[in-house]
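Take the sequence shown: its position 339, counting from 1, is numbered 338 in numbering that gives the first Met the number 0, and each next residue is one higher. Yeah, the Cβ is synthetic: ideal placement off N, Cα and C, and Gly gets one too.
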Amino acid sequence: MCAVHTSSPHREKLSNAGAGRRTDTAAKADVIILGAGAAGLLCAREAAGRGLRVLLLERAAVPGRKLAVSGGGKANFTNRAIRPQDYYCHHSQDFCSPALASFRPEDMLALTRAWNLPVEERAHGQLFLTVPAQRLVRALVRDCRERGCRLLCDTAASGVSFGGERFQVEAGGTLWHGKALVLALGSPAWPQAGGSGMGYRLAQSLGHTVIPPRPALVPLRLAADDPAGAALLDLAGISLPVRISLPETACENDTECVWEDDLLFTHDGLSGPAALKASLFWREGAPLCVDFLPGRNVEALLDAPQAGRQTARTLLARHLPQRLADALLPPSLARRKIAELSRAARREITNAMQARILTPSGTAGLKKAEVCAGGVDTREIDPQTMRSLLRPNLYIIGELLDVTGLLGGYNLHWAWASGMAAGRNILK
Ligand SMILES: Cc1cc2nc3c(=O)[nH]c(=O)nc-3n(C[C@H](O)[C@H](O)[C@H](O)COP(=O)(O)OP(=O)(O)OC[C@H]3O[C@@H](n4cnc5c(N)ncnc54)[C@H](O)[C@@H]3O)c2cc1C
0 MCAVHTSSPH
10 REKLSNAGAG
20 RRTDTAAKAD
30 VIILGAGAAG
40 LLCAREAAGR
50 GLRVLLLERA
60 AVPGRKLAVS
70 GGGKANFTNR
80 AIRPQDYYCH
90 HSQDFCSPAL
100 ASFRPEDMLA
110 LTRAWNLPVE
120 ERAHGQLFLT
130 VPAQRLVRAL
140 VRDCRERGCR
150 LLCDTAASGV
160 SFGGERFQVE
170 AGGTLWHGKA
180 LVLALGSPAW
190 PQAGGSGMGY
200 RLAQSLGHTV
210 IPPRPALVPL
220 RLAADDPAGA
230 ALLDLAGISL
240 PVRISLPETA
250 CENDTECVWE
260 DDLLFTHDGL
270 SGPAALKASL
280 FWREGAPLCV
290 DFLPGRNVEA
300 LLDAPQAGRQ
310 TARTLLARHL
320 PQRLADALLP
330 PSLARRKIAE
340 LSRAARREIT
350 NAMQARILTP
360 SGTAGLKKAE
370 VCAGGVDTRE
380 IDPQTMRSLL
390 RPNLYIIGEL
400 LDVTGLLGGY
410 NLHWAWASGM
420 AAGRNILK
């Protein structure tokens, strides 16, 4: 999918970079985009469509690796309802509003239609392809090429500088020159699909501040030495709908940290959409509160006249997998007849089922994280155009910015919206 050009009028070999370095070719690349992921590809397509000479440099052997594995290989590429409140930024979520307002889910749907990519809607308004996400990557690359964009793979950027009103980029042993530079290098999450921290380093070298990144949309671990969590470590594979919440103090911005979604037990903790969503706001030491029977009133179930002759474990196994009911119930109460249980004992059972406090010991780390929270400080970026407020003609887009969406198509939509915002405005 990647054309590897061995020579180009847009570049000079670094080995020539001494006294005799040539700079007369620099004007030929209007814009250099670093990173051919979702954001870089859509930005390149748009900028090339406006007649700009676009050079897109990608470290991996192929473009769009993260996009290709997204959504279990079917790319949850947007959501019916995209709002700034669905994003987390250390400073105001309002930063996202202009870009999200100028590129809406309908706009991305129109593109998928134009590319003949079939789509389906799943729960919570999530829009997925019904064909491999690789086809979306191919459509983007094809459009980029048809619009004259040059895409070079196996070309890792290792340094950038600005001088003489131009950017110089060191990549793949070559020095490249461009009037404008776009950083679309993503985050170090999921390094097995090309995630790297190079974007942060390059942004910092150009004067930008980086809010320390942390893994997000990531499974949470439970510690074997915490009795509340240890009881749940033998349940790998069980999945069920729950209501999960974080204390109000954990939630910044305007987000209400309560989610109803599926929870999946793993061999060392919690995964599934409910846990991944909570992980975006979870901080070391914070407790999670889990209701394993959302929408039910366990105390009323225990009080029902016909319940009295049963044990709590028999009754609850009608509503939950038996192994889970056994793990959640206080052992001293599980096998006693409900009629014998005091009000306090019934309340203890109800709390164990509907207000279970779990304190994760950590996250499963970058290798299992879909994204990183943190990134380039949005106060240094123009929200309309993604242009740096510190350097002329520098743009920063996608996950590299301190904008992190919830699970459900929000992160890819941010990549599209921020990529379009830059692509429409570069060198205007
Ligand atoms: C397993 C998984 C599933 C996901 N599923 C979804 C989903 O269904 N829906 C959703 O909304 N989000 C999903 N995400 C998140 C989403 O994929 C990312 O937020 C999105 O791809 C970010 O786009 P980006 O263009 O900013 O960065 P990326 O897609 O990461 O692109 C950055 C590019 O820069 C390249 N690069 C890195 N270093 C260098 C360098 N030094 N020189 C040149 N190039 C370099 C990388 O190889 C990469 O191609 C998922 C993520 C993962 C890991």
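Label residue i either buried or exposed according to how many other C-beta atoms from any shown protein chain fall within 10 Å of its C-beta, with 16 as the threshold for buried.
i      : result
Thr77  : buried
Lys276 : buried
Ser331 : exposed
Gly422 : buried
Ser101 : exposed
Asn410 : buried
Pro83  : buried
Ala230 : buried
Ala25  : Caution is warranted here: a pLDDT of 39 is assigned to Ala25, below 50, making its placement in the model unreliable, and no coordinate value can be reported.
Leu426 : exposed
Ala338 : exposed
Leu149 : As written in the sequence, residue 149 is Arg, which differs from the Leu given in the question. Arg149 should be labelled buried.
His266 : exposed
Ala416 : buried
Ile31  : buried
Asn115 : exposed
Asn75  : buried
Arg44  : buried
Gly198 : buried
Ser443 : Residue 443 falls outside the range modelled here, since the chain spans only 0 to 427, and no answer is possible.
Asp260 : buried
Gln321 : exposed
Arg386 : buried
Ala156 : buried
Arg282 : exposed
Gln203 : exposed
Asp141 : Note that residue 141 corresponds to Arg in the displayed sequence, not to Asp. Looking at its Cβ environment, which holds fewer than 16 other Cβ atoms inside 10 Å, Arg141 is exposed.
His412 : buried
Cys95  : buried
When you compare each of the options to residue i by their alpha carbons, which one comes out closest?
i      : options                        : result
Met419 : Leu99, Ile237, Thr111, Lys366  : Leu99
Gly194 : Gly50, Pro62, Gly228           : Pro62
Leu279 : Ala416, Ala363, Arg346, Ser69  : Ala363
Leu205 : Phe161, Arg49, Ala416          : Phe161
Arg200 : Asp267, Leu323, Ala183, Arg322 : Ala183
Glu379 : Leu388, Cys371, Ala372         : Leu388
Leu292 : Leu327, Trp281, Gly236         : Leu327
Leu323 : Pro240, Gln167, Leu393, Asp29  : Pro240
Arg134 : His90, Arg64, Gly177           : Arg64
Pro429 : Gln167, Gly34, Asp267          : This structure cannot speak to residue 429, because the chain is shown only from 0 to 427.
Thr214 : Val140, His207, Gly374         : In the sequence as displayed, the identity of residue 214 is Pro instead of Thr. Ranking Val140, His207, Gly374 by Cα distance to Pro214 puts Gly374 first.
Cys88  : Gln309, Trp281, Thr384, Asp376 : Asp376
Ala138 : Arg282, Phe127, Thr111         : Thr111
Ile210 : Val168, Gly196, Thr154         : Gly196
Gln92  : Ala354, Ala414, Thr403         : Thr403
Val53  : Pro131, Glu145, Pro97          : Glu145
Leu151 : Gly172, Gly271, Ile395         : Gly172
Trp189 : Gln203, Trp175, Leu216         : Leu216
Asp224 : Leu357, Asp401, Arg79          : Leu357
Ile237 : Leu269, Ala354, Ala202, Gly163 : Leu269
Pro272 : Thr208, Leu128, Pro226, Glu369 : Glu369
Ala208 : His412, Asp401, Arg79, Trp413  : Reading off the sequence shown, one finds Thr at residue 208, where the question assumed Ala. The residue with the shortest Cα to Cα distance from Thr208 is Asp401.
Leu431 : Ala351, Arg165, Ala47          : The structure shown does not extend to residue 431, since the chain spans only 0 to 427, so no value can be given for it.
Ala274 : Ala67, Pro218, Phe94, Cys256   : Pro218
Ala132 : Thr349, Leu66, Asp233, Thr384  : Leu66
Determine, using beta carbons only, whether residue i comes closer than 9 Å to chain C.
i      : result
Val289 : Going by chain labels, chain C is absent from the structure shown, which holds only one protein chain.
Contact check, residue i vs residue j under 8 Å by CB: the rounded distance?
i      : j      : result
Asp29  : Gly177 : 7 Å
Gly185 : Leu399 : 6 Å
Arg334 : Glu298 : Contact flag wrong, Cβ pair sits at about 19 Å.
Arg220 : Pro391 : Not really, about 45 Å apart at Cβ, beyond 8 Å.
Gln191 : Lys366 : 7 Å
Gly307 : Lys336 : 7 Å
Leu79  : Gly48  : With the sequence shown as reference, residue 79 is identified as Arg, and Leu is not the correct amino acid for it. The Cβ separation is near 26 Å, so there is no contact.
Leu128 : Pro117 : 7 Å
Gly397 : Gly36  : 7 Å
Phe264 : Ala235 : 6 Å
Give the list of continuous beta strand (DSSP E) stretches no shorter than 3 residues that lie fully inside the region 346-380.
355-357, 370-375
Taking 8 Å as the threshold, find out whether the region 233-250 comes into contact with the region 280-288 through three or more Cβ pairs.
yes
Which full runs of the alpha helix (DSSP H) of 4+ residues lie inside the region 214-265, going along the chain?
226-229
Does the region 306-314 come into contact with the region 396-408, if we say contact requires no fewer than three beta-carbon pairs (one atom in each stretch) closer than 8 Å?
no
Report yes or no: do three or more beta-carbon pairs, one from the region 102-110 and one from the region 48-58, lie closer than 8 Å?
no
Let me know the beta strand (DSSP E) ranges lying completely inside the region 110-154, each 3 residues or longer, listed in chain order.
118-121, 125-128, 149-151
Please specify which runs of the beta strand (DSSP E), each continuous and at least 3 residues long, are wholly inside the region 277-333, giving them in chain order.
287-290
I'd like the ranges of any alpha helix (DSSP H) spanning at least 4 consecutive residues and lying wholly in the region 34-62.
37-48
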